[in-house]
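Chemist: Take this structure, written in structure tokens, and hold onto it; I'll ask about it next.
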Amino acid sequence: GWGGRLLGSLCSNLPIHYIGTDVNKSNQGCYEELGNFYNKHTGGKNTYEIYYDGSEVIHQNKDFMNKHENDVDLVFTSPPYFNREVYSTDEEQSCFKFPTYPDWLDGFLEQTLSTAYKLLKPECYCIINICDIKVGREIIPLEQDTIRKGMKVGFNFIGKMGMTMTRMIGLNPPDSKNYWLDMTTQTTSFA
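Mapping the sequence shown onto the working numbering, position 92 (from 1) lands on 114, and the numbers just tick up by one.
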């Protein structure tokens with residue numbers, strides 16, 4: 023992201039240690055400046071670590087995994103919506119590394135969720151901000167695919183909370199579909 027989650031964690035009255043990843047090379051140093059500035063000028067005590075590895079490859083960083091595996095209380099992420107959100111032209115950006123949607127699902131999203139699952143303590147949660155997208159005239163069922171990939175790596179799907187938005191850029195609201203997973207039948211339906 024752009025530091026919003028880091029800033030939110032720094033502002034919390036609860037003791038929080040924030041761990042973030044970002045492959046956007048132009049952001050290197052910016053998070054650290056934000057964290058140092060906030061803590062210096064507010065007396066903030068919350069801490070942070072920033073890694074400049076992609077979330078789909080951070081599991082290859084042995085020091086990171088040794089330090090954080092089975093040690094995280096909450097994962098909150100908003101994946102880059104396949105090719106909808108392109109933060110930079112770095113070749114490490116997920117839509118450039120995995121230019122087709124099926125490759126992106128397997129190479130980026132599933133790997134990211136697998137790592138999140140390994141990092142979380144038992145009985146803790148992964149919260150994902152995601153929605154379907156439209157590419158050309160095709161609706162991509164990103165919500166359902168994210169649920170499916172999450173369940174594949176070991177997560178239990180607990181539920182979905184809707185967020186009212188006026189309109190996501192590029193979507194025609196009458197053409198948009200919201201998919202809901204029925205946990206009993208493991209089928210989807212449209213809302």
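We treat Cβ as the ideally placed atom computed from N, Cα and C, and that holds for glycine. Keep in mind the model is a prediction, meaning the values are calculated, not measured.
1) I need the boundaries of the beta strand (DSSP E) containing H39, first residue and last residue.
2) Given Q50, which residues of its chain have a CB within under 7 Å of its CB, disregarding the five upstream and five downstream residues?
3) Check whether the Cβ atoms of D112 and V45 lie closer than 8 Å to each other.
4) How do the stretch 128-144 and the stretch 72-87 stand: do at least 3 beta-carbon pairs fall below 8 Å, yes or no?
5) Can you tell me whether DSSP reads T168 as helix, strand or coil?
6) Would DSSP call Y123 helix, strand or coil?
7) DSSP three-state label for E145, please.
8) Take N151 and list the residues in its own chain whose beta-carbon comes closer than 7 Å to its own, dropping the five residues that flank it on each side.
Modeler: On the basis of the supplied data:
1) According to the DSSP assignment, H39 belongs to the beta strand (DSSP E) that extends over H39 to T43.
2) Y74.
3) In this structure, V45 lies closer than 8 Å to D112 by Cβ.
4) In this structure the stretch 128-144 lies against the stretch 72-87, because at least three pairs of beta carbons, one per stretch, are closer than 8 Å.
5) Helix at T168.
6) Helix, per DSSP.
7) Strand at E145.
8) Counting only Cβ-Cβ distances below 7 Å, and skipping sequence neighbours, we find S100.
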